[in-house]
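Enquirer: Counting in our numbering, the sequence shown runs from 38 upward without gaps. Even glycine gets a Cβ: it sits at the ideal position worked out from N, Cα and C.
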Amino acid sequence: MQAGTPYVLVNRNSGKALDVYNLATTDGAAINQYTRNDGAWQQWKFLDSGSGWYRVQSVHSGKVLDLPTTADGVQLVQNADRNDSRQQFRLADSSGGLIRLINRASGKALDVWEWSTADGAKVSQYQDLDGANQQWQLIALGSAAGSFTNPIKRNGPDPWLQHYNGYYYLATTTWNSTITMRRSATLAGLASAADQVIFNLSGRANGCCNMWAPEFHLINGRWYFYYTAGQNVSDYNPTQRLHVLESAGTDPMGPYSFKADLGSEWALDASVLKVGSNLYLMGTYNAGGSYGQSNFIQRLTDPWTLTGSRVRMSSPTLSWERQTGAVNEGPEPLYRNGKVMVVYSASACWGPDYKLGLLTLTGTDPLNPAHWTKSANPVFQRNDANGVFAPGHNGFFKSPDGTEDWIVYHANDSAGGGCDMNRSTRAQKFTWNADGTPNFGTPTRLGVTLTAPSGE
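Here it is in structure tokens:
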């Protein structure tokens with residue numbers, strides 16, 4: 038929570054914003070929900086009343102939220118600021134970084150009445166049940182330096198984010214037959230941006246369904262969109278394969294056409310590594326024997342054509358790579374002052390100890406496993422104090438002005454979170470150690486206001 042910053046409050050159940058209905062400026066005017074438009078009548082500031090209580094002030098009218106009685110179903114209104122208990126609220130945490138607003142006088146939660154999703158539906162109060170109709174996303178607007186809060190996408194596993202020509206583009210696992218992308222001029226705006234279908238996999242014999250781990254790379258003036266997909270079978274995992282699309286031009290949103298299947302065996306998490314003038318496909322496969330689920334690398338003659346043999350880059354050999362399950366996956370390229378590195382995910386994604394490790398190319402040949410050096414310790418991992426578990430499957434992007442390095446990743450907000458669509462997309466800035474390796478710090482708590490990337 039940042040003093041003086043206006044926020045839009047978006048209801049989890051309806052996706053609509055808390056709104057001064059009909060742009061009223063009078064005492065007693067109704068506060069309802071309406072399609073988000075970020076007008077002043079949907080912007081709210083939090084005024085500190087002390088001891089964790091706040092008044093919620095409309096930027097449009099200057100009046101504050103007020104519940105006239107303690108009864109269930111009473112209409113939420115605005116009134117002149119009296120700073121009494123009917124106008125004071127505390128913020129209670131809900132899953133996914135959302136909050137509930139609990140009224141001091143009644144002890145009840147602000148509630149979109151009867152779970153309505155309609156424009157103009159009444160906002161009231163009800164016993165705090167932590168239902169989706171009582172959960173609100175705080176979206177910061179209009180701070181001088183720009184700001185945002187995580188998550189930047191709920192239900193966003195395996196994220197890939199790039200800033201290009203003035204916009205952020207984000208794609209995540211859909212677990213269905215569509216490939217989607219959302220776009221926003223600000224990082225904060227991604228949280229409410231619409232997912233647009235950029236390609237439909239329906240009808241493809243060997244890759245119709247279960248779309249995972251999308252990535253898009255600009256190579257020689259076109260975007261190449263890599264993804265994992267398999268057959269529509271109950272036990273989908275053995276059918277997952279790597280595939281690539283090609284854009285018609287330089288718009289990351291496409292249009293795209295199908296370009297190639299990348300191999301005929303089980304594989305996940307395709308990415309592209311560039312070393313000198315050479316391209317390499319990286320991914321995850323079952324290396325067999327004691328190696329298990331490992332990372333591989335293979336030469337590309339162009340963005341869609343493999344050549345030569347697949348080589349094992351890394352396997353889960355260290356204790357921190359074998360928690361809940363022995364896994365290396367999700368290799369992602371990272372470059373700094375001529376140093377070539379790969380950040381990968383380790384341990385089981387279905388456990389709380391999923392984390393990131395680091396490989397550094399210490400020789401000259403990426404296809405020689407002996408030329409990769411694995412860091413002895415993880416570089417990014419769970420932070421119980423901040424309520425962040427299983428952070429992993431990351432990507433990297435630059436700030437709009439090119440001066441900052443950022444990591445995007447998914448994580449769970451409880452130790453019991455699974456390897457499913459409940460993982461959310463988060464982003465944070467990182468720095469560099471004196472030896473040229475990345476310093477990702479610790480994963481930040483959901484809902485904390487962070488300064489937006491430089492140049493927004």
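Taking the beta carbon of LEU316 as the centre, do at least 16 other beta carbons fall within 10 Å, making it buried, or is it exposed?
Expert: In the sequence shown, the residue the question calls residue 316 occupies position 279. So LEU316 ends up on the buried side.
Enquirer: Tell me the DSSP secondary structure of LEU60 in three-state form.
Expert: On the sequence shown, position 23 is the one that residue 60 refers to. Here LEU60 sits in helix by DSSP.
Enquirer: Can you give me the C-alpha to C-alpha distance between SER180 and TRP443, rounded to a whole angstrom?
Expert: Reading the sequence shown from its first residue, position 143 is the one you call residue 180. Reading the sequence shown from its first residue, position 406 is the one you call residue 443. Legend: pLDDT at SER180 = 45, less than 50; position of this residue unreliable, value from coordinates given subsequently. When rounded, the distance between both Cα atoms is 20 Å.
Enquirer: Provide the residue span of the beta strand (DSSP E) that contains ASN365, from first to last.
Expert: Within the sequence shown, the letter at position 328 stands for residue 365. Run containing ASN365: 365-373, per the beta strand (DSSP E) assignment.
Enquirer: In this structure, how does DSSP classify THR276 when only helix, strand and coil are distinguished?
Expert: Here residue 276 refers to the residue found at position 239 of the sequence shown. If DSSP states are grouped into helix, strand and coil, THR276 belongs with the helices.
Enquirer: Beta strand (DSSP E) containing GLN330: first to last residue?
Expert: For the purposes of this step, residue 330 is identified with residue 293 of the sequence shown, where counting begins at 1. Per DSSP, GLN330 belongs to the beta strand (DSSP E) from 330-339.
Enquirer: With THR72 and ASP148 assumed to form a contact (beta carbons below 8 Å), what rounded beta-carbon distance in angstroms separates them?
Expert: Residue mapping note: residue 72 aligns to position 35 of the sequence shown, counting from 1. Residue mapping note: residue 148 aligns to position 111 of the sequence shown, counting from 1. Wrong, their Cβ atoms sit about 19 Å apart, outside the cutoff.
Enquirer: Answer with buried or exposed for VAL485, where buried requires no fewer than 16 other C-beta atoms within 10 angstroms of its C-beta.
Expert: As a first step, residue 485 must be located in the sequence shown, where it is residue number 448. With fewer than 16 other Cβ atoms within 10 Å, it is exposed.
Enquirer: Specify the secondary structure class of SER180 as computed by DSSP and reduced to three states.
Expert: To locate residue 180, count along the sequence shown from 1; it is residue 143. Because the pLDDT of SER180 is 45, which lies under 50, any placement of that residue in the model is unreliable, and the number read from its coordinates should be weighed accordingly. Residue state, collapsed to three classes: coil.
Enquirer: Please report the distance separating the alpha-carbon of LEU404 from that of LEU198.
Expert: Position 367 of the sequence shown holds residue 404. Position 161 of the sequence shown holds residue 198. In a straight line, the C-alpha of LEU404 is about 27 Å away from that of LEU198.
Enquirer: May I have the straight-line CA-CA distance separating ARG278 from ASP109, to the nearest angstrom?
Expert: Position 241 of the sequence shown, counting from 1, holds the residue named residue 278. Position 72 of the sequence shown, counting from 1, holds the residue named residue 109. One C-alpha to the other measures close to 53 Å.
Enquirer: Whose C-beta lies closer than 6 Å to the C-beta of ALA452 among residues of the same chain, with five residues either side of it excluded?
Expert: Locating residue 452 in the sequence shown gives position 415, where the first residue counts as 1. Around ALA452: PRO389 and PHE426.
Enquirer: In angstroms with no decimal places, state the Cα-to-Cα distance between VAL270 and ALA489.
Expert: Counting from 1 along the sequence shown, the entry for residue 270 is found at position 233. Counting from 1 along the sequence shown, the entry for residue 489 is found at position 452. Cα-Cα distance, rounded: 42 Å.
Enquirer: Whose CA, out of GLY432, TYR391, ASN431 and LEU396, lies closest to the CA of GLN418?
Expert: For the purposes of this step, residue 418 is taken as the residue at position 381 of the sequence shown. Nearest option by C-alpha distance: TYR391.
Enquirer: PHE236: which of LEU224, TYR44 and GLU283 sits nearest, CA to CA?
Expert: Counting from one through the sequence shown, the residue named residue 236 turns up at place 199. Of the candidates LEU224, TYR44 and GLU283, the one whose C-alpha sits nearest the C-alpha of PHE236 is GLU283.
Enquirer: Strictly by DSSP, which residues pair up with GLY394?
Expert: Here residue 394 refers to the residue found at position 357 when the sequence shown is read from its first residue. In DSSP, GLY394 forms a bridge with TYR381.
Enquirer: Count the C-beta pairs between the stretch 256-263 and the stretch 238-248 that are closer than 8 Å, then say yes if the count reaches three, no if not.
Expert: Taking 8 Å as the limit for Cβ pairs, the verdict is that the stretch 238-248 does not touch the stretch 256-263.
Enquirer: Are the CB atoms of ASN74 and ALA67 within a distance shorter than 9 Å?
Expert: Sequence index remark: in the sequence shown, residue 67 carries index 30 (1-based). Sequence index remark: in the sequence shown, residue 74 carries index 37 (1-based). No. Outside cutoff.
Enquirer: Pair every Cβ in the stretch 472-484 with every Cβ in the stretch 197-213, then say whether three or more of these pairs are closer than 8 Å.
Expert: Output reads no: the stretch 197-213 does not touch the stretch 472-484.
Enquirer: So is GLU366 buried or exposed if we call it buried at 16+ other beta carbons inside 10 Å?
Expert: Within the sequence shown, numbered from 1, the residue matching residue 366 stands at position 329. Buried, because 16 or more other Cβ atoms sit within 10 Å of the Cβ of GLU366.
Enquirer: Hey, would you say GLN115 sits closer than 9 Å to ASP103, going by beta carbons?
Expert: Counting from one through the sequence shown, the residue named residue 115 turns up at place 78. Counting from one through the sequence shown, the residue named residue 103 turns up at place 66. Yes, the Cβ-Cβ distance between GLN115 and ASP103 is below 9 Å.
Enquirer: Spell out the partners DSSP gives PHE236 in its beta bridges.
Expert: Your numbering for residue 236 matches position 199 in the sequence shown. BP columns for PHE236 point to ILE216.
Enquirer: Answer with buried or exposed for ASP64, where buried requires no fewer than 16 other C-beta atoms within 10 angstroms of its C-beta.
Expert: Here residue 64 is taken as the residue at index 27 of the sequence shown, counted from 1. It counts as exposed.
Enquirer: Let me know the secondary structure DSSP gives GLU283 once reduced to three states.
Expert: As a position in the sequence shown, residue 283 is number 246, starting the count at 1. GLU283 falls in the strand class under three-state DSSP.
Enquirer: When we look at the beta-carbon of PRO105 and count the other beta-carbons within 10 Å, is it buried (16 or more) or exposed?
Expert: Here residue 105 refers to the residue found at position 68 of the sequence shown. Exposed: under 16 other Cβ atoms inside 10 Å.
Enquirer: Given this structure, state the Cα-to-Cα distance separating ALA129 from ILE136, to the nearest angstrom.
Expert: Here residue 129 refers to the residue found at position 92 when the sequence shown is read from its first residue. Here residue 136 refers to the residue found at position 99 when the sequence shown is read from its first residue. Cα to Cα, the separation comes out at about 5 Å.
Enquirer: By how many angstroms is the C-alpha of MET290 removed from the C-alpha of GLN330?
Expert: Counting from 1 along the sequence shown, the entry for residue 330 is found at position 293. Counting from 1 along the sequence shown, the entry for residue 290 is found at position 253. Between GLN330 and MET290, the C-alpha separation is close to 32 Å.
Enquirer: Going by DSSP in three states, GLU493 sits in which element: helix, strand or coil?
Expert: As a position in the sequence shown, residue 493 is number 456, starting the count at 1. If DSSP states are grouped into helix, strand and coil, GLU493 belongs with coil.
Enquirer: Name the one or two DSSP bridge partners that SER461 has.
Expert: Taking the first residue of the sequence shown as 1, we reach residue 461 at position 424. DSSP lists ALA448 as partners of SER461.
Enquirer: Output yes or no for whether 9 Å exceeds the beta carbon distance between ASP165 and ILE139.
Expert: Within the sequence shown, numbered from 1, the residue matching residue 165 stands at position 128. Within the sequence shown, numbered from 1, the residue matching residue 139 stands at position 102. Cβ distance < 9 Å, so ASP165 and ILE139 count as in contact.
Enquirer: Between the beta-carbon of TRP341 and the beta-carbon of GLY362, is there less than 9 Å?
Expert: The residue labelled residue 341 in the question sits at position 304 within the sequence shown. The residue labelled residue 362 in the question sits at position 325 within the sequence shown. No. Outside cutoff.
Enquirer: For the beta strand (DSSP E) containing THR106, name the first residue and the last one.
Expert: Working through the sequence shown from its first residue, we reach residue 106 at position 69. Where THR106 is concerned, there is no enclosing beta strand (DSSP E), given that its DSSP letter is neither H nor E.
Enquirer: In the DSSP assignment, what residue or residues form a beta bridge with THR486?
Expert: Along the sequence shown, one-based indexing puts residue 486 at 449. Paired residues: THR186.
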